[in-house]
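A short write-up of the structure that comes next.
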Amino acid sequence: MAQKNGKPWQWKEGDLTVTRTTRWTGPGCHLGCGVLYYTKGNELVKVEGDPDNPFNDGRLCPRCLYLPEAVHHPDRLKHPMKRVGKRGENKWEAITWDEAYSIIEKNVRQIQKDFGPESIVGLLGTGRNIWEKMPKLIYSGFGSPNICMGFLSGSACYIPRSALMVAMNGDFVVPDLSQLHEDRYDNPEWKRPECIIIWGNDPVVSNSDGFYGHWIVDCMKMGSELVVIDPRVTWLASKAKYHLQLRPGTDGALALGMLKVIIDEGLYDQEFIDKWTFGFDKLKEAVKEYTLERVSEITWVPAELIKAAALFYANSKPAAIQWGLALDMAKEGVASAHAVACLWTITGNLDVPGGNVVVKPALGVPVIEPDSHWGIDDIPEETRRKQMGADKYPLVQLGIGGSAQPDQVLKAMETGKPYPIKMLYLATTNPIANTAADATRVYKAMLKVPFIVVADLFMTPTAMGCADLVLPVASSPERDSLRAWWRPYRAMVKVMQSSEDIKTDEEIVLELGKRLNPQEFPWDTVKDLFNWALGKSDEGLTFENLVESVYWWPKFEYRKYEKCLLREDGNPGFNTISGRAELYLNLFENFGIQATPFYDEPPESPLSRPDLFKEYPLILTTGARSWVFFHSENRQQASARQIHPDPIVQMHPDTAAKYGIENGNWVWIENHRGRCRQKAELTPIIDPRIIQADHGWWFPEKPADAPSLYGVFESNINNLTAMDQVGETGFGAPYKCLLCKIYKVKEGEI
Ligand SMILES: Nc1nc2c(c(=O)[nH]1)N[C@H]1C(S)=C(S)[C@@H](COP(=O)(O)OP(=O)(O)OC[C@H]3O[C@@H](n4cnc5c(=O)[nH]c(N)nc54)[C@H](O)[C@@H]3O)O[C@H]1N2
Ligand SMILES: Nc1nc2c(c(=O)[nH]1)N[C@H]1C(S)=C(S)[C@@H](COP(=O)(O)OP(=O)(O)OC[C@H]3O[C@@H](n4cnc5c(=O)[nH]c(N)nc54)[C@H](O)[C@@H]3O)O[C@H]1N2
Ligand SMILES: [Mo]
31 MAQKNGKPWQ WKEGDLTVTR TTRWTGPGCH LGCGVLYYTK GNELVKVEGD
81 PDNPFNDGRL CPRCLYLPEA VHHPDRLKHP MKRVGKRGEN KWEAITWDEA
131 YSIIEKNVRQ IQKDFGPESI VGLLGTGRNI WEKMPKLIYS GFGSPNICMG
181 FLSGSACYIP RSALMVAMNG DFVVPDLSQL HEDRYDNPEW KRPECIIIWG
231 NDPVVSNSDG FYGHWIVDCM KMGSELVVID PRVTWLASKA KYHLQLRPGT
281 DGALALGMLK VIIDEGLYDQ EFIDKWTFGF DKLKEAVKEY TLERVSEITW
331 VPAELIKAAA LFYANSKPAA IQWGLALDMA KEGVASAHAV ACLWTITGNL
381 DVPGGNVVVK PALGVPVIEP DSHWGIDDIP EETRRKQMGA DKYPLVQLGI
431 GGSAQPDQVL KAMETGKPYP IKMLYLATTN PIANTAADAT RVYKAMLKVP
481 FIVVADLFMT PTAMGCADLV LPVASSPERD SLRAWWRPYR AMVKVMQSSE
531 DIKTDEEIVL ELGKRLNPQE FPWDTVKDLF NWALGKSDEG LTFENLVESV
581 YWWPKFEYRK YEKCLLREDG NPGFNTISGR AELYLNLFEN FGIQATPFYD
631 EPPESPLSRP DLFKEYPLIL TTGARSWVFF HSENRQQASA RQIHPDPIVQ
681 MHPDTAAKYG IENGNWVWIE NHRGRCRQKA ELTPIIDPRI IQADHGWWFP
731 EKPADAPSLY GVFESNINNL TAMDQVGETG FGAPYKCLLC KIYKVKEGEI
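Each residue of the sequence shown is one higher than the one before, starting from 31 at the first, in the working numbering.
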């Protein structure tokens, strides 16, 4: 493969070596920005954005700029550790990797024999550098069909939207801000969207799901205008043409209302609908009841604003929608996502330049592409049928974003039914600090599981409280690896190693896999594994030439449904049952799930639970992203804590005044499940009827041993969230639309 970008990938500056490569995890991140690592031997001295990488164009966020502090942090785990005291007692013994692998191997074999491999569950966090590899270890190595996110109720992150996209289009769909082309905004085929809707997403802070938020800022500079749908006045909302400040959890109603406006005004693309979509009549029927008056009442957004935004979107050509987590974090998040996806479909913005385009893994290569089922074929059919939750939620069988349903895994841990859970293998997740709803319930259930392994960079509350074995993992600049989230393909090259006894996730997967099922792990080294995977494409890619070229964009095509590029049978159309983009979902109909989009009131809201609302009169949304933290990570870092020292609950000054709260006061946030304390930030950016609370807090500076576990239950907003309030698909959960009350923390309570 020719070097495409002309610049060297490594050079010397004085006594520093500079390496152009990709940063991904750990610590966590969803992107994979181009960086320049400045190293001196095994020291990472500084990190800069790579100005010659079209992905991020030299820009970086604080977490990357502060990376040397994270990598060289004294709290990094340095050796495999075996628990020698009781769980939570903080008594550990450093052991060798050989001993650690032997302990895992012994337990896996014993559980396979006594209970069956399905009694082992693999738990992952979000979008870190293991999603493509861990399944191979769980499926081919452990023989278990169960892998899911770390007790994330309803798999409520991207998976509800993914399930919808798979049913509706057979593939994933993303807004097209030129990121699929190496020449970016200069690409002759690309068009700048006239309108960009930002829906339940704060992209300049979160850069979520492989989407770099500043691409929106670039488009704004070139003239794109925004519609922002968010209960808070985010930075982008303050610059939007229309800001729809809705009640949390009512996105489905809003989208249905906008669809009705567009349909009533005849602003849909009749030709595209006739030729390429399925079920428009049923959609028309489904939106009828969502009149502007009714939708305005549900959502709190003025009717004329809903109408203006809908008209602006439908009249702009092209127009794109960038959506976010808030859609997933409603019980029927799948149905809300469905309504939003109907907007881009009926307006003819699907798979056109500057609209919402269909993306597939470019080359179908394991290890590098989002292919979370690498190894599933090694599991016998009989064991596969035992996937946790698949009997209750048939979509789980499709294996969208994992193969087990987290709420059902929890129930099995608690009850031993349908079969007991005997081992958890956690990599990239810290459930009791962050991922799990109902943190104490999950903690108690984990204590019942006899054998738990955690692979992490740092000791976490979950590892401290529950693990029997902790494996020390390498950070991003310490690992050779690969990265693709659609496009581009990127190499990550190891530039240093902070301590001798750490290993990369890839090494652990390979070495453990070789012990447990050698014929399925035939590679001698991780690089051999990468080259085997890359060799499966016809592009002449090798790990070595990808390192040298830094990145590689496979060609991207628009209107693929016309060009026979989407279906396996080689026909035109979409990769769905009808061959069309399905406004009415045949797949859902087949499983007895509602096939048209609908609105479902949050299970705990002023309308659905007026009884609860009397006692808990505020609406609680949680987890808006911080510039300096990735979920529960980075809390050890002085730089991050300087910017964001304490857990913050945002509230309007009028709300604060009502409860006698002043800026900076510690307050209790409470509902019928539990409470936690955070510091009040008075701000006019939020509606007085809503508060927004941080997620992911623990305090590395507080006592490690139980019951404190680094103060993990003190400020944990997931003391208030519930497991098992999931949608009819098994996906979606109301993490961002709850009820609560607030009151000041009394003196002496801290
Ligand atoms: N710095 C940083 N970046 C991250 C992460 C991180 O922890 N830190 N986490 C990563 C992960 S896993 C994810 S999933 C993404 C999430 O990133 P985003 O998709 O951007 O999600 P959030 O920041 O949680 O929320 C986005 C916006 O939704 C608004 N909101 C709250 N409730 C509702 C609602 O009911 N409806 C609507 N329409 N809006 C609502 C909030 O005010 C917020 O501004 O970020 C990723 N990127
Ligand atoms: N209330 C509320 N709760 C939420 C959310 C919310 O908005 N509100 N957001 C939810 C969402 S969207 C998600 S996706 C989950 C995310 O939750 P997770 O992805 O589970 O994130 P963490 O709990 O921070 O755990 C990540 C752990 O992985 C380690 N780590 C980082 N990089 C690597 C790596 O490369 N290898 C290994 N082995 N370990 C690594 C970190 O040190 C950290 O301890 O949280 C959810 N929790
Ligand atoms: Mo997420």
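Heads up, the beta-carbon is just placed ideally off N, CA and C, and yes, glycines get one too.
Measuring C-alpha to C-alpha distances from Gly394 to each of Val101, Asp201, Tyr773 and Gly760 identifies Asp201 as the nearest. For ligand 1, no non-hydrogen atom lies closer than 8 Å to the CB of Gln672. Per DSSP, the continuous beta strand (DSSP E) segment holding Trp41 begins and ends at Gln40 to Glu43. With contact defined as three or more Cβ pairs closer than 8 Å, the region 81 to 99 and the region 658 to 675 are in contact. Looking from the CA of Leu355, the closest CA among Ser238, Phe308 and Asp408 belongs to Ser238. Note on the region 99 to 187: whole alpha helix (DSSP H) runs with a minimum of 4 residues are 127 to 144, in chain order.
For Ala514, the secondary structure class from DSSP, reduced to helix, strand or coil, is coil. Assigned with DSSP and collapsed to three states, Ile226 falls in strand.
Taking 8 Å as the cut-off, one finds no heavy atom of ligand 1 near enough to the beta carbon of Ala371. With the criterion CB distance below 6 Å from any heavy atom of ligand 3, the matching residues run Thr156, Cys187 and Leu355 along the chain. Two segments are said to touch when three or more pairs of C-beta atoms, one from each, lie closer than 8 Å; by this definition the region 329 to 343 does not touch the region 394 to 414. Of the heavy atoms belonging to ligand 1, none sits nearer than 8 Å to the Cβ of Met453. Per DSSP, the continuous alpha helix (DSSP H) segment holding Val370 begins and ends at Gly363 to Ile376. Taken from the Cβ of Glu663, at least one heavy atom of ligand 2 lies inside 8 Å. Just so you know, the alpha carbons of Asp216 and Ser346 end up roughly 21 Å apart.
Looking only at Leu487, Pro480 and Val658, the smallest Cα-Cα distance to Arg113 is reached by Pro480.
Residue burial annotation: Pro737 is exposed, with fewer than 16 other C-beta atoms found within 10 angstroms of its C-beta. For Leu266, no beta strand (DSSP E) segment is defined, and its DSSP state is neither H nor E. As computed with DSSP, Arg707 is found in a beta bridge with Trp698. The C-beta separation of His273 from Val258 comes to about 5 Å, placing the pair in contact by the 8 Å criterion.
Taking a cut-off of 8 Å on C-beta distances, the region 552 to 566 does not touch the region 191 to 200, as fewer than three cross pairs fall below it. Contact annotation: Val388 and Phe241 have beta-carbon atoms that are not nearer than 9 Å.
If the five residues before and after Ser326 are omitted, its C-beta is found closer than 7 Å to the C-beta atoms of Pro332, Ala333 and Ile336, all from its own chain and listed in chain order. Between the region 134 to 150 and the region 507 to 523, the count of Cβ pairs shorter than 8 Å is below three; the stretches do not touch. Distance from the CA atom of Ser505 to the CA atom of Glu219, rounded to whole angstroms, is 38 Å.
Judged by DSSP secondary structure, Gln722 falls within the beta strand (DSSP E) whose first and last residues are Ile720 to Ala723.
Within the same chain, Cβ atoms closer than 7 Å to the Cβ of Phe586 are found at Leu210, His211 and Arg517, the five residues on either side in sequence being excluded.
Per DSSP, Asp486 lies in no alpha helix (DSSP H); the unbroken beta strand (DSSP E) holding it starts and ends at Phe481 to Asp486. Under the DSSP assignment, Trp353 falls in the beta strand (DSSP E) whose first and last residues are Ala349 to Trp353.
In the three-state reduction of the DSSP assignment, Gln680 falls in the strand class.
Thr49: member of the beta strand (DSSP E) spanning Leu46 to Arg53, first to last residue. Taking a cut-off of 8 Å for Cβ pairs, the region 720 to 736 and the region 148 to 161 do not touch, as fewer than three such pairs fall below it. Residue state for Lys474 is assigned as helix, using DSSP reduced to three classes.
At least one heavy atom of ligand 1 lies less than 8 Å from the C-beta of Pro233.
Leu454: member of the beta strand (DSSP E) spanning Met453 to Ala457, first to last residue.
Using a cutoff of 8 Å, the CB of Gln667 does not count as near ligand 1, since none of the ligand's heavy atoms is closer than that.
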